[in-house]
Each structure stands twice: as C-alpha cells, then as structure tokens.
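Numbering (our numbering), first residue to last: 7 to 402.
Rendered as structure tokens:
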C-alpha cells in the first residue's frame with residue numbers, strides 16, 4: 007500500500023493503539039473508583055483533568071525538543087515513564103492516580119507530537135488529513151472494548167485484575183515500542199534536520215494564539231468541542247449510575263466504534279486543502295451540539311437517545327480534529343510551525359481537562375443533566391463562530 011496506509015505509517019498507528027489502550031480503561035475506572043472512595047465530582051474532575059492539563063503545558067515545546075534530540079531517544083524515555091505510571095495505578099489510591107495522570111500527560115505530549123509531526127512531514131499534502139485521521143483512529147480503537155473491560159473488572163470487585171491489566175498494557179507497549187524504534191520508520195525516512203533555534207519564548211508562544219487569526223479560530227473551536235468530549239468521557243459513567251438509564255460501557259463502546267468507522271470510511275471527505283470549509287464545520291459542530299443536548303435530556307427520554315448521542319459524538323470526534331489540524335498545517339508559518347501546532351493540540355488538551363475540572367464543580371452545584379445542558383449552550387455559540395467569510399480563510 008502507498009500513502010497514509012504504507013507499512014511505515016501502519017507501525018506508528020499500531021504503536022499509538024497500544025500506547026492509548028490504558029486510557030480506555032482508566033476513563034471508566036477512575037470515576038468509579040473515586041466515587042466509591044467518596045470523592046466529589048470536583049475531585050474526580052481534577053484527577054481526570056490533570057492528564058490533559060499537563061499534556062497541554064508540554065505540547066508547545068515537545069515538537070522543538072523532538073526535532074533537536076531525536077524521536078527515538080525521546081520515545082524510549084516516554085515508554086519507560088509511561089510504564090511506571092501505568093503500574094502505579096494498580097497499587098495506589100486517588101493521590102497516586104493524580105501523580106500517574108500527570109506522568110501520563112507528559113508522555114502523551116511528546117509521544118503524540120512525535121508521531122503527528124512525522125506524519126505531516128512525510129506525507130504529501132493531499133494525504134496529510136488521512137494520515138492524521140488514521141493515527142487518531144488507531145488511538146480510539148481501544149475505546150471499543152476498554153470501557154466494557156473496565157465495567158467488568160469493577161463488577162467483579164477485584165482491583166487485582168485492574169493492576170494486572172495495567173501491567174500487561176505497560177509491558178506490551180514497551181516491548182512493541184522499543185522494537186519499532188529499531189526498524190526503519192517514518193521519522194528515519196525523513197531527511198535529518200538541522201537543530202532548530204527556539205522560535206518562541208515561554209510567554210510569546212501563548213501570545214501567538216491570539217495574534218495568529220488562523221490559530222485562534224481553529225484553537226477556539228477545538229477548545230470548546232473538547233470541553234464537550236471531556237465532560238462526556240469523565241462523567242457519563244456517573245451519569246448513567248445516578249439516573250439509572252443506559253449503560254456507560256455500551257455508550258463508550260458505541261462512541262469508539264463510531265469514531266473508528268468514521269475515521270476510516272470518511273477520511274477521504276476530510277478537507278485537506280488549506281481552506282476553511284464553513285458548511286463542513288457547521289455540520290460537524292451541529293452533530294456534537296445535538297449529541298450533548300441529547301445527553302442532557304437522556305435521563306428523561308430514555309437510553310435510546312443516549313446511544314444515538316454516542317454515535318453523533320463519535321462522528322464529530324472523528325472529523326473535527328484532523329480537519330482543523332490539516333487546515334493549520336497549511337496556514338501556519340513554516341518557522342515555528344511545530345510549536346504552533348503543539349499549541350493548537352494543547353487547546354484540545356485544555357478543553358478535555360476543562361471538561362473534567364470545570365464541569366465537575368458545575369455538576370456538584372447543579373446536576374449532571376444541567377451540566378450537559380451548559381456544555382450544549384457553549385457548543386451552540388461555537389457552532390455559530392464557525393461561520394467565516396473572509397477571503398484569506400476560505401481560499402487557499
């Protein structure tokens with residue numbers, strides 16, 4: 007196969023599958039375990055949000071560090087640290103979970119930037135969006151079975167099984183990751199780069215978010231969309247338990263299956279021409295908005311609405327991220343592009359983190375249904391923000 011489905015790229019996608027498999031279990035186990043230990047939604051949100059918040063802080067510099075040190079050395083350290091973090095989950099409580107989430111956040115920042123920069127640099131322009139989409143697809147495949155495994159472990163009431171699962175994932179990821187770095191891969195196929203000077207300082211890189219109109223537009227849309235994704239990922243388990251409607255494992259599995267299918271079968275329809283496609287963005291954001299509003303009334307209408315919402319969220323999640331990443335890969339200046347792409351990805355991390363850390367207190371003050379209604383209102387406003395008629399956006 008050629009293009010985004012060539013074997014060197016498939017190796018990277020498979021490594022992403024192993025690396026992100028733990029989160030499919032943790033996204034269910036941590037809220038359940040926290041609730042069992044008497045933690046509030048605020049505390050659970052902080053623990054869950056620590057992962058993406060840490061990733062957000064490290065992303066803007068990850069691309070620069072990778073370019074200068076080399077992806078192989080970075081990846082090996084990441085696999086070791088990630089393995090330690092996963093093993094800690096089996097032997098600690100909420101405090102240990104928080105530390106592990108922070109460690110995972112650092113690893114994810116460097117891991118995903120390394121793979122995505124390699125994909126963008128190695129693929130021709132017309133295949134960029136497909137490559138990014140397939141990378142994201144493989145990172146979501148574990149979400150099909152992971153939530154069901156987590157619920158099964160929880161119902162067995164045997165935390166030793168949870169510890170074993172984390173150890174197996176840590177070892178499997180490490181073995182495959184170390185062997186993958188020894189063979190020819192995308193990063194080794196690309197020309198050796200000269201070491202870069204730091205294009206932006208610690209403060210100025212964040213200022214660029216507001217100065218670069220393309221980054222601001224895409225980043226703000228990604229931020230609010232990710233708040234919705236984060237709120238669903240963190241609290242849907244407690245939502246179903248509280249209202250006694252639907253099954254969280256089935257919901258998350260449906261969502262993951264939809265993401266996988268949409269990423270594969272719809273990847274050719276994802277814009278990859280450097281233009282802001284207003285109609286496309288309005289359709290995708292509307293799907294996400296309707297889904298979150300559907301969850302807010304799901305406890306009244308019934309489980310069927312929840313599962314339909316899972317499908318809609320999956321489609322939106324499959325399309326939003328690769329579309330905006332591809333758009334920015336054309337629009338951002340070549341000098342400092344890696345750091346600015348890292349800053350954009352950081353907005354997704356921040357959004358997911360806020361979906362946990364910000365929506366947790368709101369759920370404590372109101373209830374889960376009202377919290378999802380507030381998310382839906384934010385998404386309505388952001389959908390309208392996608393309307394753009396300026397020539398520099400809609401033309402290449």
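Every residue, glycine too, gets a C-beta built ideally from N, C-alpha and C. From a predicted model like this one, the values you see are computed outputs, not experimental measurements.
Between residue 241 and residue 369, the beta carbon gap of about 6 angstroms places them in contact (Cβ cut-off 8 angstroms).
Cβ-Cβ distances below 6 angstroms link residue 381 to 234, 237, 298 in the same chain, with the five nearest sequence neighbours on each side left out; the list follows chain order. In the three-state DSSP reduction, residue 46 falls in the coil class, being neither helix nor strand. Closest option to residue 325, judged by alpha-carbon separation, among 274, 355, 341, 59: 274.
Ranking 262, 329, 267 by CA distance to the CA of residue 291 puts 329 first. Per DSSP, the continuous alpha helix (DSSP H) segment holding residue 160 begins and ends at 152-162.
In this structure, residue 96 keeps its C-beta atom at 8 angstroms or more from the C-beta atom of residue 45. Ranked by Cα distance from residue 393, the first of 289, 230, 84, 356 is 289. Beyond the five residues adjoining it in sequence on each side, residue 255 comes within less than 6 angstroms, by CB distance, of 153, 154, 157 in the same chain, given in chain order.
Secondary structure at residue 27: helix, using DSSP grouped into helix, strand and coil. The beta carbon of residue 98 lies closer than 8 angstroms to those of 105, 106 in the same chain, with the five residues before and after it left out. The alpha-carbon of residue 219 is positioned some 31 angstroms away from that of residue 266. Per the coordinates, the alpha-carbon of residue 163 lies some 20 angstroms from the alpha-carbon of residue 102.
For the region 348-389, the full-length alpha helix (DSSP H) segments reaching 4 residues or more read 365-371 along the chain. With 16 or more other Cβ atoms inside 10 Å of its own Cβ, residue 337 counts as buried.
Cβ-Cβ separation between residue 270 and residue 21: approximately 18 angstroms, too far for a contact (criterion under 8 angstroms). Taking 8 angstroms as the cut-off, the beta carbon of residue 401 is found no closer than this to the beta carbon of residue 278. Three or more pairs of CB atoms, one per stretch, sit closer than 8 angstroms, so the region 336-354 contacts the region 60-75. Under the criterion of beta carbons closer than 8 angstroms, residue 252 and residue 312 qualify as touching, at roughly 4 angstroms.
Taking the CA atoms as reference points, residue 149 sits about 27 angstroms from residue 388. Following the DSSP letters along the chain, one finds residue 314 inside the alpha helix (DSSP H) bounded by residues 309-337. Inter-segment contact for the region 116-132 and the region 29-44 is absent: fewer than three beta-carbon pairs are separated by less than 8 angstroms. When the five nearest sequence neighbours on each side are left out, the beta carbons in the same chain lying within less than 7 angstroms of the beta carbon of residue 378 are those of 237, 298, 301, 302, in order along the chain. For residue 112, the closest of 352, 357, 316, 364 by C-alpha to C-alpha distance is 352. Annotated three-state conformation of residue 132 is helix, per DSSP.
Contact between residue 88 and residue 179 holds, since their C-beta atoms are separated by about 7 angstroms, short of 8 angstroms.
The beta carbon of residue 361 sits closer than 6 angstroms to the beta carbons of 233, 236, 237 from its chain, once the five residues preceding and following it are set aside; these are given in chain order. DSSP, read as helix, strand or coil, puts residue 219 in helix. When DSSP states are grouped into helix, strand and coil, residue 273 belongs to the helix group. Under the 10 Å beta carbon count, residue 160 is surrounded by 16 or more other beta carbons and is classified as buried.
The alpha-carbon separation between residue 116 and residue 85 amounts to approximately 11 angstroms.
Rounded to the nearest angstrom, the gap between the Cα atoms of residue 260 and residue 304 is 16 angstroms. In the structure shown, the three-state DSSP call for residue 257 is helix. Residue 146 holds the alpha-carbon nearest to the alpha-carbon of residue 262 among 248, 146, 281.
Judged by DSSP in its simplified three-state form, residue 127 adopts helix. Note on geometry: alpha-carbon atoms of residue 364 and residue 24 lie some 29 angstroms from one another.
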